[in-house]
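One structure is given below, encoded as structure tokens.
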Amino acid sequence: MSAILEQDYLSHLYIIQSQNPPSFVLFDEQKKIYDIDLSTRTIDAPKVLSVEHDHNAETIYFRVDRFHDYMDLSNTICVVQYVTPDGGIHVYPVPFYDVVTERLDKKMIIPWCVNGAATQKEGQISYSIRFYRVEEGADSEYKLTYNLSTLVAKSEVKKGM
611 MSAILEQDYL SHLYIIQSQN PPSFVLFDEQ KKIYDIDLST RTIDAPKVLS
661 VEHDHNAETI YFRVDRFHDY MDLSNTICVV QYVTPDGGIH VYPVPFYDVV
711 TERLDKKMII PWCVNGAATQ KEGQISYSIR FYRVEEGADS EYKLTYNLST
761 LVAKSEVKKG M
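Okay, structure coming up:
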């Protein structure tokens with residue numbers, strides 16, 4: 611595993627933020643939704659995430675409180691940070707949120723469309739979910755102005771043919 615400088619990492623988060631502003635959609639209510647508990651920072655994780663070599667064939671939905679302390683999380687950028695069984699480190703930028711379906715409960719639903727990077731090898735994937743905001747300051751210095759992360763959860767990528 612290689613190390614990355616903090617400013618390099620924050621600049622990558624800033625690029626994700628710049629290219630993926632939050633947008634809102636209405637999701638199909640047929641899928642199972644896994645809960646994120648922000649008070650304990652835990653994820654109710656699916657046992658099986660996908661099958662080896664699948665690509666964009668499975669979407670996992672997570673439900674989270676829309677408001678945490680003073681922050682409306684729909685105004686932040688969300689990424690799924692994950693480590694594959696072979697040690698690869700990846701980031702999935704969440705492209706949109708559903709803030710309508712469970713608005714009365716003040717919840718929002720976020721998708722993770724599991725791509726080929728996550729399913730290259732069978733085995734256990736470790737992941738966490740991060741909500742953040744990054745600002746670019748003077749001299750191209752980047753600063754996290756908001757950061758909320760969950761604890762690590764684990765799911766399996768099953769052996770395919």
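Following the numbering used here, the numbering of the sequence shown begins with 611 at its first residue and continues without gaps. Glycine included, C-beta positions come from ideal geometry on N, C-alpha and C. The structure displayed is predicted, hence computed values, not measured ones.
According to the DSSP assignment, Ser765 belongs to the beta strand (DSSP E) that extends over 763 to 768.
Counting along the chain, Gln734 sits inside the beta strand (DSSP E) bounded by residues 733 to 746. Counting along the chain, the unbroken beta strand (DSSP E) around Asp647 starts and ends at 643 to 647.
Note on Leu714: under 16 other CB atoms within 10 angstroms of its CB, so exposed under the neighbour-count rule. By the Cβ neighbour-count rule, Gln627 is buried, with 16 or more other Cβ atoms within 10 Å of its own. Asp647 is the residue among Ile625, Asp647, Lys642 whose C-alpha sits nearest the C-alpha of Lys717. The region 653 to 669 makes contact with the region 722 to 731: 3 or more CB pairs, one atom from each, lie closer than 8 angstroms. DSSP places Tyr671 within a strand segment (E or B) once states are collapsed to three. In the DSSP assignment, His700 falls outside any alpha helix (DSSP H) and lies within the beta strand (DSSP E) extending over 699 to 703. Closest by C-alpha distance to Leu761, out of Thr652, Leu620, Gln617, is Thr652.
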